[in-house]
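Down below is the structure, laid out as structure tokens.
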Amino acid sequence: MGRPSSSACAVAVLTAVALLAGSAGQAFAQSGPSGGPLAPGGMAGAAARSGPGARLERGFGGTISGRMNLIGPAGIGLQPPVPLTTPAPLAAPVLAPERIEKLDPKVLEQLKLPNLNSRPPARAETPREAALPPHSIAPVVKQPLQLSAVFEERGAAIRSGVRWRLFTEQADANGEHMLVAESIDASPRFELDPGGYIVHAVYGLTSAAKVITVKAAQPNAQTIVIPAGAVRLAAFVAGEKAPDDAVTFKLSRDEGGVQRVVAENVHAGSLLRLPAGAYHVTSRYGDANASVEADLQVAPGKLVEAQVHHKAARVALKLVDQPGGAELRDTSWTILTPGGDVIRDSIGALAGVVLAEGDYVAIARRDGRLYQQSFSVKAGAEANVEVSAN
């Protein structure tokens, strides 16, 4: 239950004062100036007498009989009755309209007012987003992307030999770009979702990359520049073409003062697609000292037909008991230049070796004994060199 209001307290106080006033009036009515009861409207006309011979007098609603002994100070009956005063009106409650305006605002801030609202506070409803009807969500439409490649700006399109790969522009948690599509067509067409992509094109040993953006309702066509050329190498010996499987090539290029190998173990007749630029070519005929070096320039979109000419010949070595005799087995060989440089060293029989044009010394080892023979090599002239064991 709540506390009683200030108005209810005031009514209770007034009621108590009225009851006290009524009791006091009856007491004074019994001991007035004449010793008789109070009559309505004033003092009684005949005072009641005390003593043995008391008379019966009529009061307000009956009679009073017997003796009345007045207890109290002498002369109390001679004193006039204390007039009743109207009690002072109670002060208005603090929160009454006529007082609340006069209060210091700081006092109101310190009051702990009860919650006068009998209803619980209404909860604020969280606004909800209106659900869109299913048909209002537009599906993602894939957009076409047409790709083509050229060797240089405003050049003709590359008609073959290009390998295309498409990656996502955004890398995953491992830092890798996901492969989306690939093709080996010269001018492929892809259907892609709108977004960013990385186009990577490879032509032989040359590659190029480009970041593109596919937008909705905007067909896209991209041209990639691949600054590449091509080289086809061939080898000749004494004016005749050397067997393709007997000659190999190595290509290197200068990158910041350092020679970096671009391709090696390339056989004659192979077509190499290379980035445009200058190259150093090394050709080896056989596995000994027959080699040729040359420099060449590769231009974008151009095919370079390069030829190298070797001055060498194939030589067969054998150890015999006598000229024209049968070859002695279990023989090891070492081939030296006249200056003592080792050209070839073999454990066991040496059927044949390709040597550059020049003079050489052959040393045969068999059963702990050494046999030596000098010989010469002429370009394109195959020869049989016999070393006598006698």
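Residue numbering for the sequence shown is -29 to -1, 1 to 361, as defined by mature numbering (1 follows the signal peptide of the UniProt record, and there is no 0).
Positions of the beta carbon are idealized from the N, C-alpha and C atoms, including for glycine.
The structure displayed is predicted, hence computed values, not measured ones.
Excluding five sequence positions before and after Lys221, the CB atoms of its chain that fall closer than 6 Å to its own CB belong to Glu235 and Thr253, given in chain order.
For Leu242, the enclosing beta strand (DSSP E) begins and ends at Leu242 to Pro246. Contact between Phe161 and Leu137 holds, since their C-beta atoms are separated by about 6 Å, short of 8 Å. Around the Cβ of Arg244, a 10 Å sphere holds 16 or more other Cβ atoms; the residue is buried. By the neighbour-count definition (other C-beta atoms within 10 Å, threshold 16), Arg231 is an exposed residue. In the same chain as His171, and ignoring 5 residues on each side of it, the C-beta atoms closer than 6 Å to its own belong to Arg136 and Ala180, in chain order. Contact holds between the segment 184 to 195 and the segment 111 to 126, because three or more Cβ pairs, one in each stretch, are under 8 Å apart. Under the DSSP assignment, Ser119 falls in the beta strand (DSSP E) whose first and last residues are Gln114 to Val121. Under the three-state reduction of DSSP, Ala217 is assigned to helix.
Between the beta-carbon of Gly248 and that of Arg224 there is about 6 Å, and that keeps the pair under the 8 Å contact cut. Assignment of Asn191 by DSSP, reduced to helix, strand and coil, places it in the strand class. Gly166 places its beta carbon less than 8 Å from that of Val185. Cβ-Cβ distances below 6 Å link Ala327 to Asn260, Ala261 and Ala283 in the same chain, with the five nearest sequence neighbours on each side left out; the list follows chain order. Using a Cβ distance threshold of 8 Å, Asp215 and Gly240 count as a contacting pair.
In the DSSP annotation of this structure, the continuous segment of the beta strand (DSSP E) that includes His171 starts and ends at Gly166 to Tyr174. An exposed status is given to Pro294, since fewer than 16 other beta-carbon atoms sit within 10 Å of its beta-carbon. In its own chain, leaving out the 5 sequence neighbours on each side, no residue places its CB closer than 6 Å to the CB of Arg340.
Counting every other CB atom within 10 Å of its CB across the protein chains shown gives Ala322 a total below 16, marking it as exposed. As for any alpha helix (DSSP H) of minimum length 4 sitting wholly inside the segment 239 to 323, there is none.
Counted as a single uninterrupted DSSP element, the stretch harbouring Gln141 is not any beta strand (DSSP E), since DSSP gives it neither H nor E. Rounded to the nearest angstrom, the gap between the Cα atoms of Gln189 and Val111 is 13 Å. A distance below 8 Å between beta-carbons, with the five flanking residues on each side excluded, links Leu150 to the following residues of its chain, in chain order: Arg136, Leu137 and Phe138. Counting only residues of its own chain and dropping the five nearest sequence neighbours on each side, His238 has a CB closer than 8 Å to the CB of Asp215, Asp216, Val218, Thr219 and Phe220. Here Ala333 is not near Val313, since their CB atoms are 8 Å or more apart. If you ignore the 5 residues before and after Ala142, its C-beta comes within less than 7 Å of the C-beta of His148, all in its own chain and listed in chain order. Cα atoms of Tyr256 and Val325: separation of roughly 7 Å, rounded to the nearest angstrom.
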